[in-house]
Amino acid sequence: GSEQAVAFDLSSMENKILKPGQCEKINTGICVMPPPGYYIQLALRSSAAITGYTLDARVIDPDYRGPIYAVLSNYTDHDLAIYQGDRLVQGVLLPHMSCQFKLVESLPSTQHQDQGFGSS
1 GSEQAVAFDL
11 SSMENKILKP
21 GQCEKINTGI
31 CVMPPPGYYI
41 QLALRSSAAI
51 TGYTLDARVI
61 DPDYRGPIYA
71 VLSNYTDHDL
81 AIYQGDRLVQ
91 GVLLPHMSCQ
101 FKLVESLPST
111 QHQDQGFGSS
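The sequence shown begins at 1 in full-length UniProt numbering and counts up one residue at a time.
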């Protein structure tokens, strides 16, 4: 990528055929140890997204040590081929923010309320 790219590309280390509806772990051949205070978020590269893949697992926790697998699904009605060297996903190193969740009986009202999904 360019000097301004925020993500690093990950390639397949194997050849695989994904049948329609099939989900597979694809080995990227890269092992990670995120630096303290950071985690890695995976995203599908736009070039892979237009071919019919979805990325089903996206977060690599700060304490994870080991290989990165791209968990891909084929949502088309035809086989999709993955070849060794195909750049399918990208990783972004992000700061890890933690918080404490609290169980409450109710939430304060807002103008937006609970309609969601295009209601604003």
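Just so you know, even glycine gets a beta-carbon here, dropped at the ideal spot from N, CA and C.
(request) With DSSP as the reference, please indicate the residues paired to L18 in a beta bridge. (result) Start at 1 with the first residue of the sequence shown, and residue 18 comes out as number 18. Looking at the DSSP assignment, L18 forms a beta bridge with L80.
(request) Let me know the secondary structure DSSP gives A43 once reduced to three states. (result) One-based indexing of the sequence shown puts residue 43 at position 43. Here A43 sits in strand by DSSP.
(message) Taking a contact to mean a Cβ-Cβ separation below 8 Å, would you say V6 touches V92 in this structure?
(response) For the purposes of this step, residue 6 is taken as the residue at position 6 of the sequence shown. For the purposes of this step, residue 92 is taken as the residue at position 92 of the sequence shown. Cβ atoms of V6 and V92: closer than 8 Å.
(request) Name the residue from A57, I40, I30 and G52 whose alpha carbon lies nearest to the alpha carbon of E14. (result) Your numbering for residue 14 matches position 14 in the sequence shown. Among A57, I40, I30 and G52, the Cα nearest to that of E14 belongs to I30.
(message) What does the Cβ neighbour count give for V89, buried or exposed, with the cut at 16 atoms within 10 Å?
(response) Along the sequence shown, one-based indexing puts residue 89 at 89. Here V89 is buried, its C-beta having at least 16 other C-beta atoms within 10 Å.
(request) Ignore the nearest five residues each way along the sequence and tell me which others in L80's own chain have a CB closer than 6 Å to its CB. (result) Position 80 of the sequence shown, counting from 1, holds the residue named residue 80. Taken in chain order, the residues that qualify are L18, G52 and N74.
(message) Checking 8 Å against the spacing of the C-beta atoms, do S12 and I68 come in under that value?
(response) Numbered from 1 along the sequence shown, position 12 holds the residue referred to as residue 12. Numbered from 1 along the sequence shown, position 68 holds the residue referred to as residue 68. For the 8 Å CB-CB criterion, S12 and I68 do not form a contact.
(message) Considering just the uninterrupted stretch of the beta strand (DSSP E) at E24, what are its terminal residues?
(response) Taking the first residue of the sequence shown as position 1, residue 24 is located at position 24. In this chain, the beta strand (DSSP E) harbouring E24 covers C23 to V32.
(request) In angstroms with no decimal places, state the Cα-to-Cα distance between H96 and R65. (result) Indexing the sequence shown from 1 puts residue 96 at position 96. Indexing the sequence shown from 1 puts residue 65 at position 65. Rounded to whole angstroms, the gap between the alpha carbons of H96 and R65 is 16 Å.
(message) Taking its Cβ as the centre, do 16 or more other Cβ atoms sit within 10 Å of Y38, making it buried, or is it exposed?
(response) Here the question's residue 38 lines up with position 38 in the sequence shown. By the Cβ neighbour-count rule, Y38 is exposed, with fewer than 16 other Cβ atoms within 10 Å of its own.
(request) Tell me, please, which residues DSSP counts as bridged to P67. (result) Start at 1 with the first residue of the sequence shown, and residue 67 comes out as number 67. According to DSSP, which records beta bridges pairwise, P67 is partnered with C31.
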